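Heads up, the thing below is written out as structure tokens.
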Amino acid sequence: MDPRQGLRLVLPDRTLDRDRPARPRPRPGRPRDHLHGRRRAASAGPHESADLRRPHPDLLHLADHDAAARGRRADRHSVRRRPHPARPARRHHDRGPGHADQQRGGGRRRLDRGGFPMSAHPSPPTTPPTIRARFCPSPTGMVHVGLMRTALFNWAHARHNGGTLVFRIEDTDATRDSEESYRHLLDSMRWLGLDWDEGPEVGGPHGPYRQSERHDIYRDVAAKLLASGHAYESFSTNEEVDARRLAAGQDPKLGYDNYDRFLTDEQKAAFRAEGREPVLRLKMPDEDLVWNDLVRGEIRFAAGSVPDFVLVRANGVPLYPFVNPVDDALMGITDVLRGEDLLPSTPRQLALYAALTDIGVASGTPRFGHLPYVTGEGNKKLSKRDPQSNIDIYRQRGFLPEAFANYLALLGWSIADDRDIFTMEEMVEAFDVTRVSANPARFDLKKAEAINATHLRALPVDDFVSRVIPFLAAAGLVSDPPSDEQRRVLEAIAPLAQERMIVLSDAVGLLGFLFVDDVEIDEAAAAKNLRPEDAEVLDAAESALRDLPDWSAASIEEVLKAALVEGLGRKPRQAFGPVRVAVSGRTVSPPLYESIELLGRERTLARLEAARTLAARPAG
RNA sequence: GCCCCCAUCGUCUAGCGGUCCAGGACGCCGCCCUUUCAAGGCGGUAGCACGGGUUCGAACCCCGUUGGGGGCACCA
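If you count the first sequence from 1, position 221 lands on 210 in this note's numbering, and the numbers rise without skipping.
Right, here's the structure in full:
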């Protein structure tokens, strides 16, 4: 898509006028809602849409929002919330005196709490806006499990509410971004089963969806912010700021001191004459910045605690804290679900949104929800350095995407108090951001494996077979597609294999012996079960099987028991151990008789013979 | 240093002021089943960080302490 097109679509003057707050008749329900968000409407649960979409006292919501922006007490203007029909709000996060009354019985975690972002106008909407969530990673390096958990929750949130998921690529940092990583991101999304309604490769009305193609848009918005007085040019160097703070007896760590807000034209001209180019900073409002976090409740930053921040570098390159909200605004994002690490930057975004709304670029402030960290060993957040954080290793080991998503979902969310296995569909049906936990969650490989094993066992045989084939093929055990004979063997062994596997790649070790001419016998297994005194077992087994007329698991079991247990007087454990190792090369295998049946007489006898030779060797 | 977030078994969680001497899952331990390994069945282990309030009643609400984490860029 042509970058200019996006610019034309969103930034012409009439667009700016369209939603001006001053205008008497706003348009609460956007026409484009008809294009999107209808997809899942039918599958949305019976009650939650009411919660999200019911007509609401939007004036009060607006007051709510504006109060926050103005530093008044938001709660004073809030409405008592109607309890959720199915589930009342669960906690009260409000802090400080004077909040309790407002919250009692209502809770602050209802979705409608923060007001409808897109309805910042003084007339009740006839069609409540649909939810527009987004996922906007930057394509640097490998794909992180925490990142995909964020993607999952955004996806589930959008799908549950019959909303739209926008996928945007934040590739403004050319030095770190790579095309390879971009492709990898899309691929990982698709592997996990997360689809998007707007974004790369699917398009949409708010493109382009890669920031690298949107520079003109940012330039334009920056100019408007400057012209309207919301932003100003700043010439101070870090050294100058530090010096000023020191001189005032303050800690330089306080950061920028808003000094350049008050520069006169003469001063600016003087700086330019020196050859200095200004950065563009946003003028932060002089009030508390407050919002009602979807997962954490009310969060407040005191007025003056956040300095004026840089929107655009001196060299003209726009920065993430500027570009991200601008895109969200232009793309009509209503719900921002992102990592907890971004929480401290939210007050700046709130201020930016207020400015963008004022100049007509945004039509309100979205709801924010800050998802807890995914941590590794210890309590540190899982870093990109940690090999455990790379989603590829799970995929390569043969985690099922739906099982991995299931586990990821458990990192901060639960479907019920007595259940933790579910499908993607069930997650969509039940997902409620408001019930996402605020505590960091440790990534537990053991649990992830257990969840995967459960999903694996539940797979229909043919599904299991087709998923396991690529792994066997990669190991050179079967062709892909497999031959008829290979398929026959696979289908027969599948039910027995499924309950012995944790990940798909386990099939290589577990089933390999069925697809080769000669097994390689594991040394430890041989040492344990192919000793000289075990030779008699192999002999007896061989003669019992040589002329067995009916080569079936049942007959094999019958003659083997007769020959080894009754004939040799061995305990079952001693009787079948050597045979198992001879046949499969390992001490652990699928059930023996079925394995022998599938192996066939010829290979079985040959392996018994070969093992016999091995066992007869003098120990050592 | 400043700001912010978080706090229930080892881990992930349920808990929404009485139904909780706290429920589920993973892990771990034991038993049963059993040709191995699993699966399955049964049982067990283990937790409300601490201190003050509020209340007839607190895991739950408030305050504080402690502990953990994160953020404080012309990175994203």
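For each residue, glycine too, the CB sits at the ideal point set by N, CA and C. Values in this document were obtained by computation on a predicted structure and should not be read as measured data.
- Residue pairing of R356 in beta bridges, as defined by DSSP: D324.
- The stretch 313 to 327 and the stretch 235 to 249 do not touch, with fewer than three beta-carbon pairs separated by less than 8 angstroms.
- Non-local beta-carbon contacts of V425 in its own chain, meaning distances under 6 angstroms to residues more than five positions away in sequence, involve V284, G401, W402 in chain order.
- The C-beta of A552 has 16 or more other C-beta atoms within 10 Å across all chains shown, which makes the residue buried.
- Rounded to the nearest whole angstrom, the CA to CA distance from F388 to I440 is 10 angstroms.
- Along the stretch 224 to 291, the alpha helix (DSSP H) occurs as fully enclosed runs of 4 or more residues at 227 to 236, 254 to 262, listed in sequence order.
- Shortest Cα-Cα distance from C125 to any of A232, N313, I206, L503 involves N313.
- By the neighbour-count definition (other C-beta atoms within 10 Å, threshold 16), R477 is an exposed residue.
- F124 carries a strand assignment under DSSP once its states are collapsed to helix, strand and coil.
- Counting only residues of its own chain and dropping the five nearest sequence neighbours on each side, V568 has a CB closer than 6 angstroms to the CB of A530.
- Cβ contact annotation for T153 (same chain, cutoff 8 angstroms, sequence separation greater than five): H25, G26, T119, I120, R121, A122, A147, D186, E187, in chain order.
- When beta bridges are read from the DSSP output, F156 appears opposite F124.
- Unbroken alpha helix (DSSP H) stretches of 4 residues or longer found wholly inside the stretch 471 to 532: 473 to 487, 495 to 500, 512 to 518, given in chain order.
- Residue burial is scored here from C-beta neighbours: V350 has at least 16 other C-beta atoms within 10 angstroms and is therefore classed as buried.
- Taking C-beta atoms as the reference points, V572 and L594 fail to come closer than 8 angstroms.
- Minimum Cα-Cα distance from S352 among the listed residues G358, P361, L339, V363 corresponds to L339.
- Contact check for I410 and T443: beta-carbon distance about 5 angstroms, within the 8 angstroms limit, so the pair qualifies.
- By the neighbour-count criterion, in which 16 or more other beta carbons inside 10 Å mark a residue as buried, W540 falls on the exposed side.
- When DSSP states are grouped into helix, strand and coil, K373 belongs to the coil group.
- Cβ-Cβ separation between T139 and D166: approximately 18 angstroms, too far for a contact (criterion under 8 angstroms).
- The beta carbon of V268 sits closer than 7 angstroms to those of S223, V299, V301, R302, A303, all from its chain and outside the five residues before and after it, given in chain order.
- For L300, the enclosing beta strand (DSSP E) starts and ends at 299 to 301.
- Y396 and A437 have their C-alpha atoms spaced approximately 6 angstroms apart.
- In the assembly as shown, E586 is a buried residue. Its beta-carbon has 16 or more other beta-carbons within 10 Å.
- Excluding sequence positions up to five before and after L479, its CB lies within less than 6 angstroms of the CB of V454, all in the same chain and listed in chain order.
- Under DSSP, A405 takes part in a beta bridge, and its partners are R408.
- S177 is the residue among V279, S177, L549 whose C-alpha sits nearest the C-alpha of E391.
- For W185, no alpha helix (DSSP H) run applies, since DSSP gives it neither H nor E.
- Taking 8 angstroms as the cut-off, the beta carbon of L332 is found no closer than this to the beta carbon of V422.
- In this structure, the CA atom of F502 is about 37 angstroms from the CA atom of L399.
- Assigned with DSSP and collapsed to three states, E438 falls in helix.
- DSSP, read as helix, strand or coil, puts T423 in helix.
- Here the C-alpha atom of D297 lies approximately 32 angstroms from the C-alpha atom of T364.
- In the three-state reduction of the DSSP assignment, A595 falls in the helix class.
- A residue is called buried when at least 16 other Cβ atoms come within 10 angstroms of its Cβ; I382 does not meet this threshold and is exposed.
- CA-CA distance, F290 to Y221, rounds to 23 angstroms.
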